[in-house]
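Each remark here refers to the structure printed beneath this line.
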Amino acid sequence: MAIKEEFNHLFDSNLSKYEDKLVDLLLDIAQQKRVNRKLSTIFSYLLIHGELTQKELKKLTRFSMGTISTFLSVIMGAGNLIQKRRIPKTHTFVYSFSGELRDLTVKGVELSIKSIISMEGFFRNSILKLYKLGELGSKGAKHLSQRIAELLDSFTFYKKFFPDVVKNPEGRVQKIQFFQKKEITDEVKEIEFDREVYIIEEDIHTQLAVSQMFSTRDPFFIKILGLFITRKYLTQKTLKNITGLSSGKISQEVNQLLGEDLIKKAEVTDKGKIIYGANFAGLILLNFTRSIILRFTKWEKILEEMKLDFENYEIGLRNLKGYEQINDIINFLIETILRYKKSLSILDKVLNN
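Position one of the sequence shown corresponds to residue -16 (my numbering), numbered consecutively onward.
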């Protein structure tokens, strides 16, 4: 049975090429963020349409109702981003974004800050445990303690920087004092952890993976990134031994991290052994943020062309169902890109400080 017109949130088919292009854009950015593709697809259609039922999401995504229901629950559990309401006199729910479209970026930042605050206490507690283990001579305790301290040092910066970028990218953010990176001259080598230190390291990785900031990301990516945060220097062989992943998967993830400048080849021995390294622990996440913004900005020209197309054919398009929503999304994404581009110079100053 066809959906009644008043409950139909699908767009006119003449707008499909614009809708498809926006979905491609959002999925491309989500891929850079390492967010689950099915979750990203559902999120993208919700963002574009504003509100949808599960049946409409099934038609758009071609996912099963079970998959859609599962990922809607994940999205709702990740923060106050979407809400659901029952259509009167039916058993059907409509899922929609909470608040205005322009509030979405602010909510994302608030979610990240909340996640950082929730991790701070855990990490400080871990440092105390490691200090005691260090006094007992446990291998790796001092090293891991230093890496966590670097991460905590950067958290203070993140909590000031990201809200200011969203609210006032040209003003107050310029006054933020960059955190001091403690340059430590060390030998390029892998650090061995005693069992009791390894257990704390595992707890740290788990805390990162379940945090609201990373809970929707690829768990393998978070695991490998987490190991570079805690270990600093690693070979692909060690990564395989710790994670249990295949050599091919390890190689794929390492090459992607290299391509995004999150790690580097710290040393190549005469026998061809490669040791990969990550610098100051606190900058890894900031570098990751920068790579996402750069991925986002590459779509600026395409969005500007879509906006111009909408303006040139406004008379023929404006009365089509979905015109306003697509037009709003295009303008929102362009505004977001312009705002984030202004933050890149600040990020570069921090990364090169």
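The beta carbon of each residue, even a glycine, is placed where N, CA and C say it ideally should be. All values derive from a computational prediction rather than experimental measurement.
For residue 143 and residue -4, the gap between their C-alpha atoms comes out near 44 Å. Per the coordinates, the alpha-carbon of residue 41 lies some 49 Å from the alpha-carbon of residue 113. Scanning 33, 206, 21 and 274 for the CA closest to the CA of residue 44 turns up 21. Nearest neighbour of residue 208 by Cα position, chosen from 179, 264, 111 and 76, turns out to be 264. Residue 121 places its beta carbon 8 Å or farther from that of residue 184. Secondary structure at residue 133: helix, using DSSP grouped into helix, strand and coil. Annotated three-state conformation of residue 251 is strand, per DSSP. Bounds of the beta strand (DSSP E) holding residue 77 are 76 to 80. In the displayed model, residue 69 falls within a strand according to three-state DSSP. Under the three-state reduction of DSSP output, residue 260 falls in the strand class. At a Cβ-Cβ threshold of 8 Å, residue 255 and residue 171 do not count as neighbours.
Close CB contacts of residue 249 within its chain, under the 8 Å cut and outside five residues either way in sequence, are with 171, 216, 258, 259 and 260 (chain order). Around the beta carbon of residue 5, a 10 Å sphere encloses 16 or more other beta carbons of the protein chains shown; the residue is thus reported as buried. Its Cα nearest to that of residue 14, the residue 243 stands out among 79, 243 and 234. Beta-bridge analysis with DSSP links residue 92 to no other residue. Annotated as proximal: residue 79 and residue 65, with beta-carbon spacing under 8 Å. Secondary-structure assignment with DSSP links residue 34 through a beta bridge to 79. For residue 266, the secondary structure class from DSSP, reduced to helix, strand or coil, is helix. Residue 33 sits close to residue 308, with the two beta carbons spaced by under 8 Å.
8 Å or more divides the Cβ of residue 187 from the Cβ of residue 126.
Between the segment 188 to 205 and the segment 96 to 115 there are three or more C-beta pairs closer than 8 Å, enough to call the two in contact.
Approximately 11 Å separates the beta-carbon atoms of residue 312 and residue 290; this is outside 8 Å, ruling out the contact.
Annotation: the continuous alpha helix (DSSP H) that includes residue 231 extends over 230 to 242. For residue 293, the enclosing alpha helix (DSSP H) begins and ends at 283 to 295. If you draw a straight line from the Cα of residue 321 to the Cα of residue 274, it is about 16 Å long. Measuring C-alpha to C-alpha distances from residue 30 to each of 47, 305 and 292 identifies 305 as the nearest.
The continuous alpha helix (DSSP H) containing residue 48 extends over residues 48 to 60. Going by DSSP, residue 7 is part of the alpha helix (DSSP H) stretching over -1 to 16.
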